[in-house]
Structures are given as C-alpha cells and as structure tokens.
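Residue numbering for the sequence shown follows UniProt numbering, beginning at 1 and increasing consecutively.
Even for Gly, the Cβ is constructed at its ideal location relative to N, Cα and C.
Since the structure is predicted, the reported quantities are computational estimates derived from the model, not experimental observations.
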Amino acid sequence: MITIRLANVDDLPTIERLAREIWPVTYGEILSPEQLAYMLDLIYNNAVLRDQLLNQHHTFLIAELEGKPVAFAVFSTIEPGICKLHKIYVHQNTQGKGVGKQLIDHITEHLRSQSMHTLRLNVNRQNKARFFYEKLGFKVVKEEDIDIGNGYFMIDFVMEKKLVSGN
C-alpha cells in the first residue's frame with residue numbers, strides 16, 4: 001500500500017538519500033558525472049532543503065510503499081493561483097507502481113482545495129519523465145535554459161497543468 005505524508009525536518013536526510021540514489025539513474029545518460037555531482041550538492045544539501053522547508057514555505061511530501069520511503073515531491077506557491085512542483089522523484093525500484101501518479105494526484109487535489117488554477121514544473125528536455133507528465137495532462141508551454149553556475153545549465157521544458165475539474 002502506498003501512503004503519502006507531509007515530510008518534516010527529520011525526513012530531510014531520507015530525501016537527500018533518495019535523491020542521491022535516484023538521480024544517477026535518471027540523469028546518468030543526460031548529464032556528465034561532474035554536473036550530476038554539482039547539482040546534487042547544490043540542490044540536495046541539508047542546509048538548502050532545510051531552508052526551503054522552514055523559510056521558503058515549500059511543502060515536502062514523502063511517499064511510502066509498505067512503510068518504506070520510495071519517493072518524494074516538493075511544491076510551493078510561486079504567484080497567486082500558480083504552484084510550482086520543484087521536485088518529484090520515484091525510486092527506480094518502484095517506478096511503474098503508480099507512486100508518481102498518486103503523488104501528482106495528491107498535490108493536484110490539495111491545490112484545487114486551495115483554489116489554485118495551475119501546476120507548473122520544469123523537466124530536462126531529454127528526461128523521459130516528460131511523457132509521464134503529458135499523460136497526466138501537463139503541456140509544454142516553453143523552453144528554458146537556466147544557468148546554475150560552474151558553467152552548467154539546466155536545459156528544460158516548462159510544463160503546466162490546468163487545475164480545473166476533469167483534469
């Protein structure tokens with residue numbers, strides 16, 4: 001059984017561990033080992049995650065399968081009516097079991113109850129997850145190249161899902 005719960009500060013090491021297990025599989029053929037290591041250190045160090053949770057009003061979720069953490073998602077309001085899904089990752093050993101869809105559905109239901117109208121995310125243009133998002137109703141709205149320092153860029157699609165009944 002899959003359960004989804006709010007994460008707290010005590011869960012941050014678990015989120016960091018999951019990211020370090022998932023990212024090499026997800027991005028190993030897309031990013032150089034150097035960029036992969038740089039981005040993991042930049043995005044998933046405990047201080048950054050802690051700041052996002054405690055000061056930037058990001059909501060962190062953990063999905064558990066049979067009581068074991070297997071996925072996480074992070075989202076926040078970025079402007080009135082629009083929420084950004086900053087992170088969503090499912091461990092490769094549990095992909096295809098509906099965990100990612102349940103996380104998106106959980107977030108979507110919550111945002112609708114808050115009168116949000118759009119869920120936005122960025123996805124690397126070479127990441128196959130784009131097709132998963134499209135199946136869930138997300139549409140590419142633009143391309144974005146983000147300078148993240150050290151000579152590296154995130155080469156992304158920006159995708160959005162309208163949060164109206166029936167989507």
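Pick from the options that is closest to residue i, judged by C-alpha positions
| i | options | result |
| --- | --- | --- |
| Leu61 | Leu136, Gly149 and His106 | His106 |
| Gly67 | Pro33, Thr3, Glu29 and Ile148 | Thr3 |
| Trp23 | Met1, Phe75, Gln92 and Asp11 | Gln92 |
| Val140 | Glu64, Leu111, Leu85 and Leu121 | Leu121 |
| Met116 | Gly81, Ile30, Ser76 and Ile104 | Gly81 |
| Glu144 | Gln114, Phe157, Val164 and Met39 | Phe157 |
Buried versus exposed call for residue i [16 or more other C-beta atoms within 10 Å across all chains shown]
| i | result |
| --- | --- |
| Glu160 | buried |
| Lys162 | exposed |
| Phe75 | buried |
| Asn167 | Reliability fails at Asn167, whose pLDDT of 46 lies under 50, so the model's placement of it is uncertain and the value that follows must be treated cautiously. Exposed, since its Cβ has fewer than 16 Cβ neighbours within 10 Å. |
Distance cut-off 7 Å: residue i Cβ against heavy atoms of the ligand GTP
| i | result |
| --- | --- |
| Leu103 | For the structure depicted, the ligand GTP is absent and the ligand set is empty, with no information on it obtainable. |
Cα-Cα separation between residue i and residue j, rounded to whole angstroms
| i | j | result |
| --- | --- | --- |
| Phe153 | Glu34 | 12 Å |
| Ala37 | Arg50 | 20 Å |
| Asp10 | Val99 | 22 Å |
Whole-Å CB distance - residue i paired with residue j, under 8 Å assumed
| i | j | result |
| --- | --- | --- |
| Thr108 | Val70 | Not confirmed; about 20 Å, so no contact. |
Open item on the list: Check whether the stretch 44-54 and the stretch 4-20 are in contact - that is, three or more C-beta pairs closer than 8 Å.
Closed with: Judged by Cβ distances under 8 Å, the stretch 44-54 makes contact with the stretch 4-20, as three or more pairs qualify.
Task: Inter-stretch contact at 8 Å, needing at least 3 Cβ pairs: the stretch 111-127 / the stretch 23-33 - done: Segments in contact, yes.
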